[in-house]
Amino acid sequence: MSGGLESLYPFLYSSPGDPSAADRVLTEVASSTRAKVAEIDRLRLRVAGEQAEEIAACARAMTAAFAAGGRLFSFGNGGSSTDAQAVAAWFMTPDRSGTGLPAVALTADVAVLTALSNDVSFEVVFARQLAASGRPGDIAFGLSTSGGSANVLAGLAAARRIGMITVGLAGGDGGRMAEPGTVDHLFVMPSSSVHRIQEAQTTVYQVLGELVRDALRAS
Numbered sequence: 001m002s003g004g005l006e007s008l009y010p011f012l013y014s015s016p017g018d019p020s021a022a023d024r025v026l027t028e029v030a031s032s033t034r035a036k037v038a039e040i041d042r043l044r045l046r047v048a049g050e051q052a053e054e055i056a057a058c059a060r061a062m063t064a065a066f067a068a069g070g071r072l073f074s075f076g077n078g079g080s081s082t083d084a085q086a087v088a089a090w091f092m093t094p095d096r097s098g099t100g101l102p103a104v105a106l107t108a109d110v111a112v113l114t115a116l117s118n119d120v121s122f123e124v125v126f127a128r129q130l131a132a133s134g135r136p137g138d139i140a141f142g143l144s145t146s147g148g149s150a151n152v153l154a155g156l157a158a159a160r161r162i163g164m165i166t167v168g169l170a171g172g173d174g175g176r177m178a179e180p181g182t183v184d185h186l187f188v189m190p191s192s193s194v195h196r197i198q199e200a201q202t203t204v205y206q207v208l209g210e211l212v213r214d215a216l217r218a219s
């Protein structure tokens, strides 16, 4: 374990007996932090510059869906599972007007996830839930840093068959999620770093939430 950490943060393991090592470590940490902050700032600005029109179009589609009584279903794996729950909470939590929007994270029910994984297959854990609960006009919101998660893609495919609006967040080049006909509204974070991808995805879904709420208040 320490070998792995040393390869990531070599400055923490250099010259352990040197009294000035602590100062060098703090300098390295500060420099590393500044570099990471600058990197995510560049990525967010790039996403905003290249995908602003699609974000606005997606927000309009989601606004119309919520206004017509639609619900949002979010899903993903690992860190994206946590983000899926954050997406649901972001839309569901009442804003300053006291209004929340109907949203459910398909990753939250451990009993359903383990039952489907054990009795059928892990690939269908989202598709089967959407088949049971989704309706035409609802929103399927899938997150994958690679764009290639099989169960997320299966969930998006099931949602499209139902007639749901599909929104996908991916990283890199978008992976299989970027293939034509896979998702209605796709947002790709062009980075190879999982950390930066997830940070930028957070910004995208928070902006979508703000735009949707603003539009609903104005209607």
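Using UniProt numbering, you'd call the opening residue of the sequence shown number 1 and step up by one each time. By construction, the Cβ of each residue, glycine as well, lies at the ideal position given by its N, Cα and C atoms.
Note down, in chain order, each residue of its chain lying with its Cβ closer than 6 Å to the Cβ of A158, except the 5 sequence neighbours on either side.
Hits under 6 Å: A127, L130, A131.
Which ranges would you report for the beta strand (DSSP E) in the stretch 104–131 if only whole runs of at least 3 residues count?
Entirely contained in the stretch 104–131, not one beta strand (DSSP E) run reaches 3 residues.
Exposed or buried, G118, counting other C-beta atoms within 10 Å across all chains shown (16 or more means buried)?
Just to set this straight, residue 118 is Asn in the shown sequence, not Gly. Exposed is the call here.
Output the distance between the C-alpha atoms of A67 and A59, rounded to the nearest integer angstrom.
Each residue's alpha carbon lies about 12 Å from the other.
Can you tell me whether DSSP reads T182 as helix, strand or coil?
It is coil, neither helix nor strand.
If you draw a straight line from the C-alpha of R42 to the C-alpha of L156, how long is it?
Taking the straight line joining both Cα atoms gives about 29 Å.
Report the partner residues of residue 221 according to the DSSP bridge assignment.
The structure shown does not extend to residue 221, since the chain is modelled only from 1 through 219, so no value can be given for it.
Would you mind stating whether A65 and G147 have Cβ atoms separated by less than 8 Å?
No, Cβ-Cβ distance for A65 and G147 is not below 8 Å.
With H, G and I counted as helix, E and B as strand and the rest as coil, what does DSSP make of M164?
Here M164 sits in coil by DSSP.
Provide the residue(s) that pair with M189 in DSSP beta bridges, ordered along the chain.
The partner list for M189 (beta bridge, DSSP) reads G171.
Going by the DSSP bridge assignment, what does F75 pair with across the sheet?
In DSSP, F75 forms a bridge with G142.
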